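Remarks on the structure that follows.
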């Protein structure tokens, strides 16, 4: 693995060029935010008009810093940037983040300046992240070059994006790279960094466009076998493509080409942020789904029917319950009822008089033991709102010894947050805010199983 | 308007036949729940083995009650139901809710018994709701015939459903009718009741199937001109149709037929409960959208591009900003930036140094005054997390005097709940959890405007 990205995400020493003496919410002071994030490496601020800022000694120029520097973060007006990049290369700095906006994302003059910066960096042996970037952040070592506070948690997700927007969303990722205009460092560099990173189990790409598609596909195809890669590719429509041109100076290709390319190298395309969140939750918490059969347990027949409507849409099917399963679950219901899949368990409780914890535990256990059931969907209505800890424990025990079948849970109605947390803690079950989102997640757990076991691509 | 449904939703006196002496969460005691709901009418419980239950005098039989009875609620084993229905008609009761399960939703014997009940009721001049139903609930008079607590609030939404499931969801509706097996009372009766109900501004249907399509369409076409009707039609797939047959004994027709019928009579079809919630929020809180042009304001270019991707999918388009609007908003940005739609306002704040409240207020105001802008979408990132009350007030003032254009708001990132509430209180703005859901809501506000103003049907 090339260590291109290492100084950007794990710098031991950083210079920030263009640190203001202003602090507070409207100052966008990178030094202030870096200190507040708890970064423990050395920091050398550059400001020719100050001796110290926030108690830290400042330097008139990067050339005045005697110590080794892993990373330079540049945040000065654009006209100064080429000169400062040259000074950085003179100082032997190999990693440079350019925060400044107004290059390929601005006007013609900006585009020319960006090209000049790339030439200077190439000559000097430095790599550039940006310009027009928030830089990088790493919750695992409390490093961040952002100009606003970043709330990232140590989530095992690495993101590589063309906007710093995701830094503000604490649940998205534990390590992030904002490519900005991507004049040099690109998606593939980020993929190579996360490929064998033990902190990272899933990779999220936010992509407006890409330059070197061939290299990306080669690396992505390799990395996708190790960790799921989810991609939110924007700029589908012509108008969006034009906007991307002015956002990061990116040329956006035909959307269908991206679709095919992602599919070919095993990258999972998502449509919006909520889909990313759902799939990340599923991949990080649930076992893969080794077939398309889903068994549904519901205390309301109406909801079971809605679930069936959504199965085919998501390339799943109702599991065909074995005679043994059917006998076991039907022993619970009244004589006039023939329970099947979905299993409507309301009459078993209200009419046949079985306690609902017994009903849920028995039905879920029967499902998990059935060969044609590859995943279980729980549509919980009122039962768990009134369940005691003991009743809940019985269901949890079944879920926990359930083996390698994912269980998704739609907690409709007033939700028992405590129960949801307990269920999710088993590592066998995940809750989703709608039935459709739960089934979409299962569908991807099945697609990934097929991808890893049979080389089949996509859903 | 026929007053078929009045005794079911506004009874002055109710008999409950088959009240158990058991109370508490597992007893499903309708009397207990009716009292707890705060119903102020007279209640006559029938139980031949008790003198009083919960301090209320009980009767051996409905024939022993001397007073007028508006509504009978029957919850006894199925074999007794025909006899009791006959007794109710003998007592002159015209409205009967049958809670008991195991009729057309059960086996052949149950189907025959259901047909017999209908015959008895017709002869006796009574109308039947159910069987297999939770009955009705009305938050506006604290009435409920449900066997579990119903948490309904006085929301101006009436639902008519084939499951009582929605009673448990307090935000769905303020008045509800569970048709259950719909052996007699059907969707059309419910529509006629809500048509001129001043408490109800929107109607929600959960439908598995319908018997008298012609009558439904005639009434729905009339009611839809007065109030939006949203329909969640389930049982699309063959397997789902089979399950509906065993859930409520409903014969489900071809899905495409329903699609066409809904479209023709102005009923808006929704795919899942979250879509209903979004559209209800939009219809109840926002003005209609009088064209397809949307203007987007965003502090992150990347999110603006995502919005464009979703516009066409939802049959909307980017508004073409007038030269006056462009001049006004571009006065805020740095010289190298040419803001358009979406307006990326980050450089105006961070580089040009304008306070973000001024930027937001100016851009939103310019949008609202632009003729081609029919709705505004606000993608708020970090600004509002740090905004002071005074800064927020400035934006709110613009929103409030904004006139008759809907504004949707996607509060990405750590959300300021207080601000969201303040924004929504203006009655001009509604927040949605994803950009796609915000645009889907706008799309329906536009479709309804076209439906009411030009007779154009559907999106």
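Protein chains in written order, with our numbering: chain A, 236 to 694; chain B, 236 to 694.
Cβ coordinates follow ideal geometry from the N, Cα and C atoms, glycine included.
Because the structure is a prediction, the values reported are computed rather than measured.
Taking 8 Å as the upper bound for CB-CB distance, residue 549 of chain B and residue 687 of chain B are not in contact here, some 19 Å apart. The continuous alpha helix (DSSP H) containing residue 422 of chain B extends over residues 422-430. The beta-carbon distance between residue 532 of chain B and residue 611 of chain B, rounded to whole angstroms, is 7 Å. This is short enough to meet the 8 Å contact definition.
Within the DSSP bridge table, the entry for residue 274 of chain B names no partner.
Between residue 335 of chain B and residue 313 of chain B the beta-carbon gap is near 5 Å, inside 8 Å, which marks them as a contact. For residue 482 of chain A, the neighbours in chain B by C-beta distance under 8 Å run, in chain order, 536, 537, 539, 540, 579. For residue 470 of chain A, the closest Cβ of chain B is nearer than 8 Å. Every unbroken stretch of the beta strand (DSSP E) spanning 3 or more residues and falling wholly within the region 454-518 of chain B is given here in chain order: 464-468.
Per DSSP, residue 584 of chain B is one residue of the alpha helix (DSSP H) stretching across 581-585. In terms of Cβ geometry, residue 371 of chain A and residue 243 of chain A form a close pair [threshold 8 Å]. Chain A places no beta carbon closer than 8 Å to that of residue 558 of chain B, leaving this residue out of the contacts. If you look at residue 345 of chain A, you'll find it in the alpha helix (DSSP H) that goes 343-359.
Along the region 507-525 of chain A, going in chain order, the ones with a CB nearer than 8 Å to a CB of chain B are 507, 508, 509.
Per DSSP, the unbroken alpha helix (DSSP H) holding residue 681 of chain B starts and ends at 670-689. With a contact defined as Cβ atoms closer than 8 Å, residue 283 of chain B and residue 296 of chain B qualify at about 7 Å. The continuous stretches of beta strand (DSSP E) do not include residue 558 of chain B, which lies in the alpha helix (DSSP H) extending over residues 558-565. Counting every other CB atom within 10 Å of its CB across the protein chains shown gives residue 298 of chain A a total below 16, marking it as exposed. The C-beta distance from residue 658 of chain A to residue 524 of chain A rounds to 18 Å, too long to fall under 8 Å, and the pair is not in contact. For the alpha helix (DSSP H) assignment, the uninterrupted runs of no fewer than 4 residues enclosed by the region 594-647 of chain B are, from N- to C-terminal side, 618-621, 624-635. Cβ proximity to chain B below 9 Å picks out 668, 669, 670, 671, 672 from the region 666-684 of chain A. Judged by beta-carbon spacing, residue 484 of chain B lies beyond the 8 Å limit of residue 571 of chain A, meaning their Cβ atoms are not closer than that value.
When Cβ pairs closer than 8 Å are counted between the two stretches, the region 357-366 of chain A is seen to touch the region 406-426 of chain A, the count reaching three or more. At a cut-off of 8 Å between beta carbons, residue 547 of chain A contacts chain B. Within the region 597-608 of chain A, no residue places its CB atom closer than 8 Å to a CB of chain B. Inter-residue distance for residue 388 of chain B and residue 534 of chain B is about 37 Å (C-alpha atoms, whole angstroms).
The region 439-450 of chain A makes contact with the region 464-478 of chain A, as at least three CB pairs between them are under 8 Å.
Here residue 248 of chain A really is in contact with residue 303 of chain A; their C-beta atoms are around 6 Å apart, less than 8 Å. Contact annotation, residue 574 of chain A with residue 564 of chain A: C-beta distance approximately 5 Å; criterion of less than 8 Å satisfied. Counting along the chain, the unbroken alpha helix (DSSP H) around residue 654 of chain B starts and ends at 652-660.
Take the alpha-carbon of residue 497 of chain B and the one of residue 263 of chain B: they are about 36 Å apart. Residues of the region 261-277 of chain A that bring their beta carbon within less than 7 Å of a beta carbon in chain B comprise 263, in sequence order. Under the Cβ criterion of 8 Å, residue 355 of chain B is not counted among the residues facing chain A. For the C-beta of residue 398 of chain B, the chain A residues within less than 8 Å are, from N- to C-terminus, 535, 536, 537, 538. Per DSSP, reduced to three states, the secondary structure at residue 442 of chain A is strand. Look at residue 294 of chain B here: in three-state DSSP terms it is strand. For residue 390 of chain B, the closest C-alpha among the options B/396, B/474, B/381, B/411 is that of B/411.
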